[in-house]
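Numbering (my numbering), first residue to last: 1 to 1137.
Listed below in structure tokens is the structure:
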């Protein structure tokens, strides 16, 4: 009985095990190659069937339930079968006895079925003998690239064993890089020597060369996508980015010699390293009987060396080494392949970058200068092909684009034919690799510096700049963040750069070329003026929108704002200028509240495009502007005084001695980022100016500190300590920023001028903005010119002529005139006179608003002009004289007097025979005006007026020639040279100087170039005068150091035979539309920038330690603590942008 029970238990165990095995097979087919199951349609059969592929058999079942029960309609052996696709979703399995045609649910599912069946068919033909031998080396049991187990493929020339997925990528590298063979199928190639070579080398030894410098984060994993695999294999084998670099072998000749020596030895690893590093396998050995390294190895009896050299006869590593030694960047490959998403309707003209539903996955290749795309990687014929030479621009979109297939990273290719191609990659790395490879194909090799940048947009455009404002040239441009780099397309190259956030002008103009309207983009930044237009309209639209976006505000931090040339946010600059102009004399200017809606609207306008917001008294209220300034300082990201430094600012108050506090303040300010420092300097100068007029506006430093402390610290409260710190900063502005005496006097003069003449306008740089007229005082001939403290008369005349598009002839003598007394008196200014010094003296006039500046041609004169002639020059003439006095007997009558100009003096004699003058005055102390006051009732229309500190002489002449001769002679004697240099001569000097500056690399920007345009600028930054720097120059240097204006007509062209983009300037002047300066609108002139934290005005500021280590007398421990606090917050103190 017990025996029977034992047998019963044994039978139960056997049956249960059988059932368990059957269930496993039926539900989960073994993970052999080609295993797959699922429902498909069987043509000729109603309904769907369940198809199962396991091993070398295919089972057809009515349903999945039948399949689980082991019931099948048919079983197909794949031993002698084949499979092929028949249409979009169909595939066919053919055997010698029967054929089955199936339809899958999608094209991708069909491809998966075909691939699975093919693998199963291959499995039936496989021979594992070679694989088992090669796997005897344990390192060959894992893929050399992704570490997948049991790799069944190999690269016979690279001597690495790889998996099936990596083998596919090796094939795309090309036979010159990798020759792929199967361990199971290609049995004929696996000679005993080749198997022995693989056993000798092994994957670990091969990777000791190929992956010697492979970063951990760039290692390839088993689950990597095809795009990741393609990028890895390209970098590892074609670009050889991770290889071990051989020391001491720098030339091709040295590599070849080392190879010839290595093949004679048994060390095949050394031979491999030399060949893969670029040694030529077919190089000359110098031995006529053994002319190649292979024959040398044969002579030495080195069979493994021979086998390795045999399989590398066609390798291209020597060619890759020569390419790597060229000037082309080696980091980017010109060969690419892989899957990309592209628009189903390729070459569509659209700039819509929003979500796309028409993106489909395609296999793409880049080779031989052509970008081709296919339905799949197995398609033989390309469905489209693009010649890369037709590409004009390439744009990379950093944001994900939503498609029907999910999120992709897109890049756009713009063609000369105004067509647009849009491609997308699954990862940003793949996107960058493709974009850089395409850019390498269409951007010239000599533009290597542009290709190495992390650009968002790259391409070629027409442009012109200060070198030649009349002819268009081809240039290569690349946009990196808010920086625009460019190089001319020629032999003499220099790299230029525009800081787009510091643009003073960004406008679009239209001009005619033939009957076609061409749009041009004008960009003016301190140091350079650029005009550019696209190869076609679509190209221009792309670049215009990208530059406009890069030049705009892109965040709430100070560094993300649109900036002035002095690195001050334009919103702060404009508000300061407006308040200085209209609020300096307003009681309680910063204590009044504005209307919240208007303030919000102003903030929104500045946020959209601060460059185009113009504050005007007729449109904006003072209290709204002051609230806008305070709101911006309170809301911007990061306090102006840095929240991280808050405890240090407060702790400075512990110093009883004011000098010690000032030294600490200086140290903290030097620790701030550059934009914070320059902005703080401008704001404190403005507040110092306001409190200087506190007797008028009732805003003392304590009141201003109470208003601004919460804004500068962003604490939301008004702590007493914060107010004391800000009050200290305002009161000690001069000491903290090392403002010299001349600058202080300048501020005082400007304050006096503003309070006396309230209609003054100031520019963002602290320069006065004045109306300058050309020939006549009419609205149409007016220009708004920024007059800096160092600007001279000749420079101002040139600027106005260029802004008005006037091209002076050599014989023209254009001169700046100062007109006063309602136009009755006008004085020609010597070309070296500083304009601002003369203009500031208008505040002493009874009616300052009646004075203005005008440019006119000065009549020629034969007065001697050389220094030798002027030294002994004498002039005398009988004139009618009046001294302007109201004596009862003489009244306003003019009397005969004899005037003599001699020895730099004006001598007034009773008559020509008198030996002793009645009066005399040195020429250096007088101003000579053309014209006479009408109230004097002069007997002649021709006369001139001499004004000195205490005297006024009025003379009548016989005619116009005599009048101009006297005035010219007096000015020449006063200055020891001619009244003018011709405008053409000045222009030539300016152009030469400008050209010499611009030909340098752009990283060493010169001081100034034109700011052209037709827009009024009412903004004001800190009024810091570079007077000391100007005084340090000698006169000749000062004359040459001029800003070059951008002419309104610079879009017009000169005639030049054979040039397709030149036209007669006069012809285009009549036909141009949408000029850079709108007719009737004032234009502005830019002054040179100045460092807001300059110490001595006559010397460039010394470079300070990052955290102010050389400023003041602070304990080293405090400096270290300050450094630690700022480092922890991620700040970069004194970061130069």
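Even glycine gets a Cβ: it sits at the ideal position worked out from N, Cα and C.
Fully contained in the region 373 to 430 are the following beta strand (DSSP E) runs of length 3 or more, in chain order: 384 to 387, 391 to 403, 406 to 415, 420 to 425. When C-beta atoms of the region 559 to 573 are compared with those of the region 675 to 682, three or more pairs fall below 8 Å, so the two segments count as touching.
Sorting 179, 117, 190 by C-alpha distance to the C-alpha of residue 131 places 190 at the top.
Classified as buried, residue 436 has 16 or more neighbouring CB atoms from the shown chains inside 10 Å of its CB.
The alpha-carbon of residue 170 is positioned some 15 Å away from that of residue 276. When DSSP states are grouped into helix, strand and coil, residue 271 belongs to the helix group.
Look at residue 895 here: in three-state DSSP terms it is strand. Ranked by how close their Cα comes to the Cα of residue 796, the residues 804, 785, 806 have 785 in first place.
With a threshold of 16 other beta carbon atoms within 10 Å, residue 359 meets it and is buried. Ranked by Cα distance from residue 198, the first of 188, 212, 183, 211 is 183.
Looking at the backbone, the Cα of residue 484 and that of residue 411 are separated by about 19 Å.
Counting only unbroken stretches of 3 or more residues, the beta strand (DSSP E) elements lying wholly within the region 489 to 547 are 496 to 499, 505 to 513, 516 to 525, 528 to 533, in sequence order. The C-beta distance from residue 551 to residue 503 rounds to 5 Å, short enough to meet the 8 Å contact threshold. Residue pairing from DSSP places residue 182 in a beta bridge opposite 153. In this structure, DSSP gives residue 476 an extended state, which the three-state scheme calls strand. Residue nearest to residue 957 within the set 929, 922, 942, 555 is 942 (criterion: CA-CA distance). In this structure, the beta-carbon distance from residue 114 to residue 83 falls below 8 Å. Contact annotation: residue 176 and residue 315 have beta-carbon atoms nearer than 8 Å. For residue 180, the closest of 192, 881, 12, 160 by C-alpha to C-alpha distance is 160. By DSSP's assignment, residue 814 forms a beta bridge with 857.
Judged by DSSP secondary structure, residue 295 falls within the alpha helix (DSSP H) whose first and last residues are 293 to 300.
In the structure shown, residue 676 falls within a helical segment according to DSSP collapsed to helix, strand and coil. Within the region 787 to 854, the complete alpha helix (DSSP H) segments at least 4 residues long are 793 to 803, 835 to 840, listed from N- to C-terminus.
Around the C-beta of residue 399, fewer than 16 other C-beta atoms lie within 10 Å, and the residue is accordingly described as exposed.
For residue 99, the enclosing beta strand (DSSP E) covers residues 99 to 103.
Rounded to whole angstroms, the gap between the alpha carbons of residue 139 and residue 642 is 58 Å. Taking the Cα positions, residue 63 is about 43 Å away from residue 144.
Annotation for residue 209: no beta strand (DSSP E) segment contains it, though the alpha helix (DSSP H) segment containing it runs 192 to 210.
It is roughly 35 Å from the alpha-carbon of residue 201 to the alpha-carbon of residue 427.
In summary, residue 802 is buried, with 16 or more beta-carbon neighbours lying within 10 Å of its beta-carbon over all protein chains present. In terms of Cβ geometry, residue 178 and residue 194 do not form a close pair [threshold 8 Å]. Straight-line measurement puts the Cα of residue 219 at about 20 Å from the Cα of residue 336. DSSP places residue 883 in the coil class of the three-state scheme, outside both helix and strand.
The shortest C-alpha to C-alpha distance from residue 123 to any of 78, 654, 533, 705 is the one to 78. For residue 711, the enclosing alpha helix (DSSP H) stretches over residues 701 to 713. The C-beta separation of residue 575 from residue 625 comes to about 5 Å, placing the pair in contact by the 8 Å criterion.
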